[in-house]
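A quick write-up on the structure given underneath.
In this note's numbering, the protein residues as written are 4 to 199.
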């Protein structure tokens, strides 16, 4: 966890140093990321050639409580968040059309709880990762742009399950290394450029 935070700080510092040396006009862009049923909010800050990317991809949660006329059933709840921080370097192809390359530090966390009369199970998952951003964009106007990108990535997942059954506690942990490069993982982004 500390390493992920340190890498995020170093990446942000690197961007600030590079951006401070570039006299281009500053930009602030906000937009929506779409990928199938997943959507998020993206904020870019920088200049026309280099930008810091901040993405909040999802926030989710639910709670259920099952009841019948004679008894109460299990209760479940879940919370999760997924976000990314990174940078992108843009290169103009022709008037309005550009491609960009960069990297994203990817993070997701979730917690799930199941409770009934005899047992309680809690699952906590943390998944940091690193993605390579490859995208193609088009400036519709001075204020709007649209882009499509893929983010092949590698990630590490840590999961801890804690169970209590009739007063007896136990726990297990598991880890997983995951990599992905899928054509169905294309993000479509529509962004609005703020300011002049």
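For glycine and all other residues, C-beta sits at the position ideal for the given N, C-alpha and C.
- Less than 8 Å separates the beta-carbon of residue 121 from that of residue 168.
- DSSP, reduced to helix, strand and coil, places residue 134 within a strand of the structure shown.
- Cβ-Cβ separation between residue 134 and residue 106: approximately 7 Å, consistent with a contact (criterion under 8 Å).
- The residues 36, 41, 43, 85, 86 and 87, in chain order, have a CB closer than 7 Å to that of residue 60 in the same chain once the five nearest residues on each side in sequence are set aside.
- Of the residues assessed, residue 66 falls on the exposed side of the cut-off, its CB having fewer than 16 other CB atoms within 10 angstroms.
- Just measuring C-alpha positions, the residue of 179, 164 and 178 sitting nearest residue 172 is 164.
- Within the model, the alpha-carbon separation for residue 126 versus residue 155 is close to 27 Å.
- For a cut-off of 8 Å, the C-beta gap from residue 160 to residue 178 is around 7 Å, short enough to register as a contact.
- Rounded to whole angstroms, the gap between the alpha carbons of residue 108 and residue 129 is 13 Å.
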